[in-house]
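A quick write-up on the structure given underneath.
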Amino acid sequence: MMPIISQAASVDLQLDVEKTEAPINPMIYGQFIEHMGRCIYGGIWAEMLEDRKFYFPVTDEYDPYKALVDTDFPVVGASPWQVMGAAGSVSMISDDSFVGDHTPFIAEDSGIRQLDLSLVEGMGYEGYAWLKAKSGSAKVKITLKSEAGEVVSIDVKVGSKDYKKFEFEGKASASTEKAMLEIAAVEGDVFVGTASLMPADNIRGMRKDTLALLKELDAPVYRWPGGNFVSGYDFRDGIGDRDRRPPRKNPAWTGVEYNDFGTDEFIDFCQEIGTAPVIAANTGFGDHYSAAQWVEYCNASSKTIGGSWRKANGHKEPFNVKYWCVGNEMWGNWQLGYMHLDHYVLKHNRTADAMLEVDDSLVLIASGDIASRSKSLSDPEIERGWSEGLLQECADKMDLISEHFYSGRTPWTDQQREPLLDHVTRVKLFIRSICDQHRELQGKMEDLKDNMIPIAMDEWNYWHREYHYGELGCIYELQDALGIAEGFNEYYRQSDLVQMAYYAQTVNVIGAIKTTKTEAEFAATGLVLKMYRANYGDIPLTLADEYAPLDVAAALDEDGKVLTVSVVNPLKEESVVNLSLKGAKMAKNADVTWVTGDTKLAFNAPGKPRQVDEYESTAVDITEGLKVSALSCAIFRIALD
């Protein structure tokens with residue numbers, strides 16, 4: 001560890017442009033999205049209806065919300081559809097269901113409605129319902145309305161031969177959080193296959209406001225669909241006609257997986273925001289054949305089984321997904337399909353072989369964990385680490401090895417606030433510890449010590465309670481943002497070893513972006529992710545010392561024409577970095593971007609003025625040092641001659 005040379009708010013920083021480290025891989029600015037809470041449904045995906053495919057039976061007892069009932073996104077644990085009419089007038093029919101296990105059957109003079117829908121004044125809304133009469137024909141009324149009146153109301157004549165899709169659209173005259181959608185059988189009995197409602201500005205089913213922030217974030221790579229979720233996920237459920245994809249119980253978390261956002265939607269999402277996809281294959285309950293078939297679906301010709309499905313779903317050309325995770329956290333006993341290390345190394349190798357047989361150009365990421373230990377099944381006296389076992393048995397079947405960590409105010413105990421400086425350094429120290437352990441471990445392995453397997457920090461972040469944005473939707477404060485900034489500085493110091501990192505997660509769920517039903521906003525940490533991605537250099541410079549309580553890092557751009565210096569100042573007073581440079585001449589001024597707020601507890605909330613924000617200033621005089629405001633992280637960009 002480098003010596004700490006100062007405890008003051010003024011430090012001397014000496015740099016040499018000839019003393020450089022390994023280039024920074026831009027993949028460290030990656031993001032992670034998982035099917036849990038309100039990351040995708042309610043965050044990225046624009047669907048407004050809960051349980052639109054009727055996973056839960058519609059009953060006379062209306063009691064849908066089971067947890068987080070005081071938040072904007074309560075957890076639905078029973079049908080969110082309320083019966084309109086006499087008791088017993090709505091029942092669930094299993095025979096020949098439209099999708100899933102059963103379909104609602106509505107008797108004449110009854111109906112169903114969904115409450116608590118949020119509308120924005122002047123916004124258009126579009127929706128549809130798949131309907132079929134029991135016999136002959138039926139008349140159905142579909143209405144979207146609020147306290148201000150009807151947004152749209154249509155009467156449709158429904159036949160009994162086949163389900164038919166009936167579409168509607170309208171514009172809200174006032175904003176409300178208490179709108180409702182009603183589907184009523186006016187004459188005759190009717191089956192409701194499924195329904196949908198989205199704001200008209202959706203982009204192929206995705207929320208326009210969330211996408212706008214994701215484009216600003218500009219992450220180069222996104223990992224999906226999990227996370228713990230993937231170990232119980234069958235990708236085949238998530239392809240084909242969205243309305244016919246079966247709803248499932250979320251295998252790892254609460255709520256329902258609607259299968260509206262599958263492989264095709266993820267690829268479309270990545271193309272829309274200009275990022276590269278990383279898909280995690282299921283090595284929990286999944287098998288090697290299914291993993292290989294998923295690769296076929298994404299990358300193989302239409303003559304293969306998987307490729308033929310892709311073509312049938314409207315995508316003749318392969319998606320060419322390069323990066324694949326072989327499983328997720330298979331070392332954890334909470335993981336679906338968890339197994340002993342001695343067994344899992346066999347499964348990893350078999351799965352990797354099957355995937356590479358489909359496409360030998362894949363970049364594979366193994367499911368590692370440097371901290372986990374496992375006793376040998378053949379000799380209980382022998383114990384080895386999980387990452388150690390993978391590196392010993394599977395190194396030739398991986399390109400990177402994953403590590404995960406979360407830190408913060410211990411999320412499952414009390415909420416006592418720790419000292420600011422301790423909190424801000426948590427993430428940095430986790431990254432350093434993981435890298436130090438890998439350097440020691442791989443340095444002892446004859447086959448790896450001169451050619452180390454790089455790390456993909458698949459999941460990394462702070463994680464706190466309480467949850468305000470659905471499941472795991474915690475608030476991030478300025479002090480968390482400063483810690484994430486120190487994390488990036490540490491990644492730069494480990495640039496030879498860490499080649500990928502995915503901030504977990506992206507929207508709502510421990511996320512860098514928070515949403516309500518109608519608004520989206522950067523959390524404090526999101527502004528830091530955005531700032532570092534947009535402004536930091538490419539080639540780290542060697543720093544001989546540490547400058548606690550400040551955290552300092554420096555880099556050149558790839559042309560060596562611009563010096564970037566990042567400084568995290570967790571103090572309640574301005575700090576000054578007195579900079580001297582060997583090997584090049586610096587300009588006397590700099591462009592500066594910084595993130596700050598009034599207190600360490602400041603945070604942003606959708607639809608409200610920012611308490612934490614990003615600021616920019618150009619041509620700032622630096623002849624008297626790099627001045628960094630209190631409670632801030634800043635990046636200085638200085639031209640070189």
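Quick note on the working numbering: the sequence shown kicks off at 1 and runs consecutively.
Where a beta carbon is used, it is the ideal one built from N, C-alpha and C, also for glycine.
CA-to-CA distance, Ala605 to Asp12, given in whole angstroms: Residue 12 sits at position 12 when you count from the first residue of the sequence shown. Residue 605 sits at position 605 when you count from the first residue of the sequence shown. For Asp12 and Ala605, the distance between alpha carbons rounds to 38 Å.
Exposure of His404, with buried meaning 16 or more beta-carbon neighbours within 10 Å: Taking the first residue of the sequence shown as 1, we reach residue 404 at position 404. If you draw a 10 Å sphere on the C-beta of His404, you find 16 or more other C-beta atoms in it, and that means buried.
Segment contact, 8 Å Cβ cut-off, at least three pairs: the segment 282-292 with the segment 47-57: no
Delimiting residues of the beta strand (DSSP E) encompassing Asn508: The residue you call residue 508 lines up with position 508 of the sequence shown. Taken as a continuous stretch (DSSP letters only), Asn508 belongs to no beta strand (DSSP E), as it is neither H nor E.
Cα-Cα separation, Pro411 to Trp463: Working through the sequence shown from its first residue, we reach residue 411 at position 411. Working through the sequence shown from its first residue, we reach residue 463 at position 463. Low confidence applies here, because Pro411 scores a pLDDT of 49, under 50, leaving its location unreliable; read the following figure in that light. For Pro411 and Trp463, the distance between alpha carbons rounds to 6 Å.
Inter-residue CB distance, Ala174 and Ser146 (contact presumed, cutoff 8 Å): Locating residue 174 in the sequence shown gives position 174, counting from the first residue. Locating residue 146 in the sequence shown gives position 146, counting from the first residue. The Cβ separation is near 7 Å, so the contact holds.
Cβ contact check for the segment 68-75 and the segment 524-539: 3 or more pairs under 8 Å: no
Distance between Trp81 and Ile453 (C-alpha atoms, nearest Å): Within the sequence shown, residue 453 is the residue found at index 453, counting from 1. Within the sequence shown, residue 81 is the residue found at index 81, counting from 1. If you take the alpha carbons of Ile453 and Trp81, they lie about 51 Å apart.
Minimum C-alpha distance to Gly159 - residue among Gly188, Ala395, Glu558 and Val221: Within the sequence shown, the letter at position 159 stands for residue 159. Nearest of Gly188, Ala395, Glu558 and Val221 to Gly159, Cα basis: Gly188.
Delimiting residues of the beta strand (DSSP E) encompassing Trp324: Locating residue 324 in the sequence shown gives position 324, counting from the first residue. That run of the beta strand (DSSP E) goes Tyr323 to Val326.
Given 8 Å, three or more beta-carbon pairs between the segment 242-249 and the segment 299-318: no
Same chain, Cβ closer than 6 Å to Thr351, neighbours up to 5 away in sequence not counted: The count along the sequence shown starts at 1 and reaches residue 351 at position 351. Within the same chain, and ignoring the five residues on either side of Thr351 in sequence, the residues whose Cβ sits closer than 6 Å to its Cβ are Thr283, His288, Ala291 and Val326.
Local conformation of Leu117 per DSSP, three classes: The count along the sequence shown starts at 1 and reaches residue 117 at position 117. In the structure shown, Leu117 sits in a strand (DSSP, three-state: E or B).
Nearest-angstrom Cα separation, counted from Asp458 out to Ala212: Taking the sequence shown and counting its residues from 1, one reaches residue 212 at position 212. Taking the sequence shown and counting its residues from 1, one reaches residue 458 at position 458. C-alpha separation (whole angstroms): 24 Å.
Span separating the alpha-carbon of Met445 from that of Leu364: For the purposes of this step, residue 445 is taken as the residue at position 445 of the sequence shown. For the purposes of this step, residue 364 is taken as the residue at position 364 of the sequence shown. The straight-line gap from Cα to Cα measures roughly 21 Å.
DSSP-derived helix/strand/coil call for Tyr467: Residue mapping note: residue 467 aligns to position 467 of the sequence shown, counting from 1. Three-state result, Tyr467: strand.
8 Å Cβ cutoff met for Ala524 and Lys514: Position 524 of the sequence shown, counting from 1, holds the residue named residue 524. Position 514 of the sequence shown, counting from 1, holds the residue named residue 514. Not closer than 8 Å, so no.
Residues near Glu645 in its chain [Cβ-Cβ closer than 7 Å; skip 5 each side]: As displayed, the chain neither begins before 1 nor continues past 641, which places residue 645 out of reach and without an answer.
Member of Tyr615, Leu581 and Leu336 whose CA lies at the smallest distance from the CA of Thr623: Indexing the sequence shown from 1 puts residue 623 at position 623. Nearest C-alpha to Thr623: Leu581.
Inter-residue spacing [alpha-carbon to alpha-carbon] between Pro26 and Pro220: Within the sequence shown, numbered from 1, the residue matching residue 26 stands at position 26. Within the sequence shown, numbered from 1, the residue matching residue 220 stands at position 220. As the crow flies, the alpha-carbon of Pro26 is around 7 Å from that of Pro220.
Pair within 8 Å by beta-carbon distance, Leu68 and Ser231: Numbered from its first residue, the sequence shown carries residue 68 at position 68. Numbered from its first residue, the sequence shown carries residue 231 at position 231. No. Outside cutoff.
Cβ-based burial, Arg373 [other Cβ within 10 Å; buried from 16]: Looking up residue 373 in the sequence shown gives position 373. With fewer than 16 Cβ atoms within 10 Å of its Cβ, Arg373 is classed as exposed.
DSSP three-state assignment for Asp60, whether helix, strand or coil: The sequence position of residue 60 within the sequence shown is 60, counting from 1. Residue state, collapsed to three classes: coil.
Nearest candidate by alpha-carbon position, reference Thr210, set Thr518, Thr194, Asp109 and Ser495: For the purposes of this step, residue 210 is taken as residue 210 along the sequence shown, with counting starting at 1. Here the closest residue by C-alpha is Thr518.
DSSP bridge partner residues for Gly286 (one or two, in chain order): Counting from 1 along the sequence shown, the entry for residue 286 is found at position 286. Beta-bridge annotation (DSSP): Gly286 is not paired with any residue.
Nearest to His315 (by Cα), restricted to the options Gly240, Ser91 and Arg113: As a first step, residue 315 is located in the sequence shown; it is residue number 315 there, counting from the start. Considering only alpha carbons, the answer is Gly240.
Beta-carbon proximity check, Leu346 vs Ala195, cutoff 8 Å: Stepping through the sequence shown from its first residue, residue 346 is reached at position 346. Stepping through the sequence shown from its first residue, residue 195 is reached at position 195. Contact flag unset, no.
N- and C-terminal bounds of the beta strand (DSSP E) containing Gln14: If you number the sequence shown from 1, residue 14 lands on position 14. Unbroken beta strand (DSSP E) run through Gln14: Ser10 to Asp16.
Among Ile40, Ala554, Gly526 and Thr618, nearest to Gly262 - alpha-carbon criterion: Residue 262 sits at position 262 when you count from the first residue of the sequence shown. Considering only alpha carbons, the answer is Ile40.
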